[in-house]
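Novice: I am attaching a structure below and will ask some questions about it afterwards.
2 protein chains.
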Amino acid sequence: MKTLSNAIVATESQLGRAFNHPEVTRSSLMRELTARRVRITEQRRLIIGIIQDSPRHLDAATLLDLARKKDPGIDRSTVYRTIGMLKRRGLIDELDLMHIDGEKHYYEVKTNHDHCHMACFKCGGIMEYTSASFEKLKEEIARTSGFDIRVIRLEAGGVCRKCRATSPAP
Amino acid sequence: MKTLSNAIVATESQLGRAFNHPEVTRSSLMRELTARRVRITEQRRLIIGIIQDSPRHLDAATLLDLARKKDPGIDRSTVYRTIGMLKRRGLIDELDLMHIDGEKHYYEVKTNHDHCHMACFKCGGIMEYTSASFEKLKEEIARTSGFDIRVIRLEAGGVCRKCRATSPAP
DNA sequence: ATATGTGCAAATCTTTTGCAAATTC
DNA sequence: GAATTTGCAAAAGATTTGCACATAT
Chain A
-14 MKTLSNAIVA
-4 TESQLGRAFN
6 HPEVTRSSLM
16 RELTARRVRI
26 TEQRRLIIGI
36 IQDSPRHLDA
46 ATLLDLARKK
56 DPGIDRSTVY
66 RTIGMLKRRG
76 LIDELDLMHI
86 DGEKHYYEVK
96 TNHDHCHMAC
106 FKCGGIMEYT
116 SASFEKLKEE
126 IARTSGFDIR
136 VIRLEAGGVC
146 RKCRATSPAP
Chain B
-14 MKTLSNAIVA
-4 TESQLGRAFN
6 HPEVTRSSLM
16 RELTARRVRI
26 TEQRRLIIGI
36 IQDSPRHLDA
46 ATLLDLARKK
56 DPGIDRSTVY
66 RTIGMLKRRG
76 LIDELDLMHI
86 DGEKHYYEVK
96 TNHDHCHMAC
106 FKCGGIMEYT
116 SASFEKLKEE
126 IARTSGFDIR
136 VIRLEAGGVC
146 RKCRATSPAP
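Residue numbers (our numbering), protein chains in the order written: chain A, -14 to 155; chain B, -14 to 155.
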């Protein structure tokens, strides 16, 4: 099993028709925050910009590193506090990615369609899967249980198609 | 928001038809371990027995406390190592319960049907929801993506029916 | 005899917090 | 000038590890 400081986010094109992202749209965090009259400081703008633009899921430490490249004076606690603010407002989702690399959390801008994250135990890659079935299940759960779902997280761990092909016997 | 050292697991009967557990069966950990020729020491038997018999999801610290009531000499690391062993063998599932009470993890014996855990941000209760749709979604994801799913976790956070009734305006 | 499990204590890793200074409204 | 945000340094919480000793096969 590989150790992966940097998990790979496979894109739709990389994995052919393994993916299925119907209309997955991310909102603009800045716009949302402005609409909600949240004070956007320089540091927040920087941190949020990094989350928003990142092609992969970032953990707090990586986010701090990236932020420091632009503003070396930025503090770890500011990063955590900004993450906390975005979480509380439901603008980002927190992921564990099956703890494939430690206990840290990863973040991504909330999309209009929730999706499944799959972490490969062999290569450490992270794949995403979006489908209408997930939205339907969400709706079914809410309707049947009377539970008002504010956040939902579907994560899987296993072996990706590529790795299965490489080493056929699991 | 309540602080909850001990989250409540609502049962099917408590929540009326909010639940739907088709054939959710837990395997016997002892039997599984024996079949796999895993050495079962006294301490492991004790720890595993507690996990198996617990009506609610336990975190490592609680598990340690309970184990110490029967064997005060048992060590924290033994508990963690036993949990790790069970996890690696896919006999227990690890839950975060939306980090409703800190960053700890909770454990439960793997069932033959995966289910959704819902954590209420107001009362801290944990509800479970099992449905054939989830199994179907799992199957769809595996089939479409070619990903061999070994573990899967569906967790939601929000407000349970009871709490919604109590304080209507979210 | 050899492999495996355990206790202990310390280390590690991630995240949170109290408080004084700085910034913004 | 009142409220909010930040840096700093320390604390807290959860989990892991190295190693010597004990136990099981």
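Where a beta carbon is used, it is the ideal one built from N, C-alpha and C, also for glycine.
1. Just verifying my parser: in three-state terms, what is the DSSP assignment at residue 138 of chain A?
2. From this set, B:83, B:55, B:89, which residue's C-alpha is nearest residue 65 of chain B's C-alpha?
3. Against chain B, does residue 136 of chain A count as a neighbour if the rule is that its beta carbon must be under 8 Å from one of theirs?
4. Would you verify that the beta carbon of residue 140 of chain B is, or is not, closer than 8 Å to some beta carbon of chain A?
5. So, does the CB of residue 70 of chain B fall closer than 8 Å to a CB anywhere in chain A?
6. Can you tell me the Cα-Cα spacing of residue 31 of chain A and residue 84 of chain B, whole angstroms?
7. How long is the line joining the alpha carbons of residue 108 of chain B and residue 147 of chain A, rounded to whole angstroms?
8. In angstroms with no decimal places, state the Cα-to-Cα distance between residue 55 of chain A and residue 81 of chain A.
9. Short check: CB of residue 63 of chain B to CB of residue 37 of chain B, under 8 Å?
10. Can you pull the chain B residues whose beta carbon is under 9 Å from the beta carbon of residue 34 of chain A, in chain order?
11. Pull up the distance between the alpha-carbon of residue 137 of chain A and that of residue 59 of chain B, whole angstroms please.
12. Mapping the DSSP letters down to three states, classify residue -10 of chain B as helix, strand or coil.
13. From residue 93 of chain B to residue 57 of chain A, what distance separates their C-alpha atoms?
14. Hey, would you say residue 61 of chain B sits closer than 8 Å to residue 51 of chain B, going by beta carbons?
15. Do you know offhand how far residue 117 of chain A's Cα is from residue 19 of chain B's?
16. Could you tell me which chain B residues have their CB closer than 7 Å to the CB of residue 101 of chain A, listed as they occur along the chain?
17. Chain A partners of residue 145 of chain B, CB-CB under 9 Å?
18. Does any residue of chain A bring its CB to less than 8 Å from the CB of residue 122 of chain B?
19. In three-state DSSP terms, what is residue 84 of chain B?
20. Please name the residue in A:67, A:130, A:141, A:151 whose C-alpha comes closest to that of residue 143 of chain B.
21. Quick one: measure Cβ to Cβ for residue 122 of chain A and residue 122 of chain B, integer angstroms, because I've assumed they're closer than 8 Å.
22. Mind checking if residue 12 of chain A is an interface residue toward chain B, Cβ cutoff 8 Å exclusive?
23. Which residues in chain B sit within 9 Å of residue 149 of chain A, going by Cβ to Cβ distance?
24. Give the residues of chain B in contact with residue 81 of chain A, contact being defined as C-beta atoms less than 7 Å apart.
25. Among residues of its own chain, excluding the 5 on either side of residue 25 of chain B, which ones have a beta-carbon nearer than 6 Å to its beta-carbon?
26. In chain B, which residues lie less than 8 Å from residue 65 of chain A when you measure between Cβ atoms?
27. Please name the residue, chosen from B:145, B:77, B:128, that lies closest to residue 34 of chain B on a Cα-to-Cα basis.
28. Measure how close the beta-carbons of residue 134 of chain A and residue 46 of chain B come, nearest whole angstrom, since I'm counting them as under 8 Å.
29. Looking at the structure shown, is residue 94 of chain A part of a helix, part of a strand, or coil, going by DSSP?
30. Residues of chain B with CB closer than 9 Å to the CB of residue 118 of chain A, please, in chain order.
31. Which chain A residues sit within Cβ distance under 9 Å of residue 91 of chain B?
Specialist: Walking through what the data contain:
1. strand
2. B:89
3. yes
4. yes
5. no
6. 27 Å
7. 44 Å
8. 27 Å
9. no
10. Going along chain B, no residue has its Cβ under 9 Å from residue 34 of chain A, so there is no contact; the nearest lies around 26 Å.
11. 37 Å
12. Note that residue -10 of chain B has pLDDT 32, beneath the 50 cutoff, so the model's placement of it is unreliable and no number is given.
13. 44 Å
14. no
15. 42 Å
16. 126
17. 130, 131, 132, 133
18. yes
19. helix
20. A:130
21. 6 Å
22. no
23. 131, 132, 133
24. 81
25. 18
26. Those within 8 Å of residue 65 of chain A in chain B number zero; the least Cβ separation is about 13 Å.
27. B:77
28. That belief does not hold up - the Cβ atoms of residue 134 of chain A and residue 46 of chain B are roughly 28 Å apart, past 8 Å.
29. strand
30. 118, 121, 122, 125, 126
31. Correct list: empty, because the minimum Cβ distance to chain A is about 13 Å.
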